[in-house]
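Peer 1:
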Amino acid sequence: MLSAVLKLALLLILLSGGGLALLRAQPNPDAARLALLTPPPGCAVPCWQGIQVGITEADTALRLLENHAWVDRVIAEPDLIIWRWNGTQPALIDGAHDGLLRVNRRGVVTQLRIQTRIAFGSLWPLLPPPSEVTLVRTMSRYSAHQILTYSELGLYLVHSHRCPAGPDDLWTGTVTIGMGTVWLSDSLNGRPFNIYGEPGWWRDLRACRRAAPPR
237 MLSAVLKLAL LLILLSGGGL ALLRAQPNPD AARLALLTPP PGCAVPCWQG
287 IQVGITEADT ALRLLENHAW VDRVIAEPDL IIWRWNGTQP ALIDGAHDGL
337 LRVNRRGVVT QLRIQTRIAF GSLWPLLPPP SEVTLVRTMS RYSAHQILTY
387 SELGLYLVHS HRCPAGPDDL WTGTVTIGMG TVWLSDSLNG RPFNIYGEPG
437 WWRDLRACRR AAPPR
């Protein structure tokens, strides 16, 4: 009997302030995902770690990366800056893939790309509807990638999947964070794919193309 009373008392303690505090102390995966997409205070979007795409000059970006706690090595070329992660970056960043900046002829950063471990399905309910979606088909036609633009966040997400697509492609495939311009090949080969506000959008995604409107 005493043992049952003690167990009940422990349960009540856990459900009280002490238990709630313990729950609050647990890491919030949604907050971590959003934090990776949120610019630091005082840096207007599009911005990542103080690098403001479209404004920051290459020399400044290079200096920021060389002194960054997450960066192991920086490789600079006239139109490209690549960096390798040192293992201390957030777990949501895929350290096996280098980060990338593109630089224009005026020496200004015009594009940023970072590969993540974040599943597209885990971000979908956290973000507003994309302001624009582009679908890019590969030459093989067996795969494609979507570029989902979020103008108010100053970024886009690149999400690759098979064709025809299955539910696992949509929800478990990881995304690349992009800011600024897109690859020229994507710009030339992409087609508008703003399907997500329409009924039956899954049919278009599965087929990797927009269905012809009914006559």
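So in this note's numbering the end of the sequence shown lands on 451, straight run, no missing numbers.
Here a beta-carbon is modelled for each residue, glycine too, at the ideal position from N, C-alpha and C.
1) Could you tell me if R349 is buried or exposed, where buried requires 16 or more neighbouring beta carbons within 10 angstroms of its beta carbon?
2) Given a cut-off of 9 Å on the beta-carbon distance, is the pair V339 and I317 in contact?
3) Please identify the residue among G278, G290, P265 whose C-alpha is closest to the C-alpha of L391.
4) Given this structure, state the Cα-to-Cα distance separating T412 from P365, to the nearest angstrom.
5) Measuring alpha carbon to alpha carbon, tell me which residue in G343, Q325, R373, C279 is nearest L298.
6) Within 10 angstroms of its Cβ, does M375 collect 16 or more other Cβ (buried), or is it exposed?
7) Under a three-way DSSP split, which group does P428 fall into?
8) Alpha carbon to alpha carbon, how far is D440 from L328? Give it in angstroms, no decimals.
9) Can you give me the C-alpha to C-alpha distance between L499 and L273, rounded to a whole angstrom?
10) Determine the DSSP secondary structure at L209, reduced to helix, strand or coil.
11) Could you pull out every residue in the same chain whose Cβ sits closer than 7 Å to the Cβ of N264, ignoring the five residues on either side in sequence?
12) Would you give the residue range spanned by the beta strand (DSSP E) that T370 belongs to?
13) Using 9 Å as the threshold, is the C-beta distance between I383 and R269 below it?
14) In the DSSP assignment, find the unbroken alpha helix (DSSP H) run with T324 in it and report its ends.
15) Between which two residues does the alpha helix (DSSP H) harbouring T346 extend?
16) Ignore the nearest five residues each way along the sequence and tell me which others in T324's own chain have a CB closer than 8 Å to its CB.
17) Within a Cβ cutoff of 7 Å, which residues of the same chain sit near N322, ignoring the five residues on either side of it in sequence?
18) Using the C-alpha atoms, what's the distance from P277 back to V394?
19) Within its chain, find whatever has a CB closer than 6 Å to the CB of R446; leave out the 5 residues flanking it on each side and keep chain order.
20) DSSP has Y386 in a bridge; who is on the other side?
21) To test your reading of the DSSP string, which unbroken alpha helix (DSSP H) runs of 4 or more residues are found completely within the segment 267-310?
22) Roughly how far, in whole angstroms, is the beta-carbon of G426 from the beta-carbon of P282, given that I think they are within contact range, below 8 Å?
23) Confirm, please, whether the CB-CB distance from S379 to V396 is below 9 Å.
Peer 2: So, to answer that:
1) Taking the sequence shown and counting its residues from 1, one reaches residue 349 at position 113. With 16 or more other Cβ atoms within 10 Å, it is buried.
2) Taking the sequence shown and counting its residues from 1, one reaches residue 339 at position 103. Taking the sequence shown and counting its residues from 1, one reaches residue 317 at position 81. The answer is yes: Cβ separation under 9 Å.
3) As a position in the sequence shown, residue 391 is number 155, starting the count at 1. Comparing Cα-Cα distances from L391 to each of G278, G290, P265, the minimum goes to G290.
4) Here the question's residue 412 lines up with position 176 in the sequence shown. Here the question's residue 365 lines up with position 129 in the sequence shown. Cα-Cα distance, rounded: 17 Å.
5) Taking the sequence shown and counting its residues from 1, one reaches residue 298 at position 62. Of G343, Q325, R373, C279, the residue nearest in Cα terms is G343.
6) The residue labelled residue 375 in the question sits at position 139 within the sequence shown. Label assigned to M375: exposed.
7) On the sequence shown, position 192 is the one that residue 428 refers to. It is a strand residue.
8) Within the sequence shown, the letter at position 92 stands for residue 328. Within the sequence shown, the letter at position 204 stands for residue 440. Their backbone Cα atoms lie some 29 Å apart in a straight line.
9) Since the first residue of the chain shown is 237 and the last is 451, residue 499 is not available in this structure.
10) Not covered by the structure: residue 209. The range shown for the chain is 237 to 451.
11) For this step, residue 264 is matched to residue 28 along the sequence shown. Cβ within range, chain order: n/a, list empty.
12) Here residue 370 refers to the residue found at position 134 when the sequence shown is read from its first residue. Note, T370: beta strand (DSSP E), 368-373.
13) Your numbering for residue 383 matches position 147 in the sequence shown. Your numbering for residue 269 matches position 33 in the sequence shown. Cβ atoms of I383 and R269: not closer than 9 Å.
14) Start at 1 with the first residue of the sequence shown, and residue 324 comes out as number 88. Neither: T324 is in no alpha helix (DSSP H) and is coded neither H nor E.
15) By 1-based counting over the sequence shown, the position of residue 346 is 110. Segment 345-355 is the beta strand (DSSP E) holding T346; no alpha helix (DSSP H) there.
16) Start at 1 with the first residue of the sequence shown, and residue 324 comes out as number 88. Contacts found: A305, W306.
17) Translated into positions along the sequence shown, residue 322 becomes position 86. Cβ neighbours of N322 beyond the five flanking positions: W306, V307, D308.
18) What you label residue 394 is simply residue 158 of the sequence shown in a count that begins at 1. What you label residue 277 is simply residue 41 of the sequence shown in a count that begins at 1. For V394 and P277, the distance between alpha carbons rounds to 25 Å.
19) Within the sequence shown, residue 446 is the residue found at index 210, counting from 1. D440, listed in sequence order.
20) One-based indexing of the sequence shown puts residue 386 at position 150. Y386 pairs with L391.
21) 294-302
22) Within the sequence shown, the letter at position 190 stands for residue 426. Within the sequence shown, the letter at position 46 stands for residue 282. That belief does not hold up - the Cβ atoms of G426 and P282 are roughly 19 Å apart, past 8 Å.
23) As a first step, residue 396 must be located in the sequence shown, where it is residue number 160. As a first step, residue 379 must be located in the sequence shown, where it is residue number 143. According to the sequence shown, residue 396 is Ser rather than Val. Against a cut-off of 9 Å, the Cβ pair of S379 and S396 comes out as a contact.
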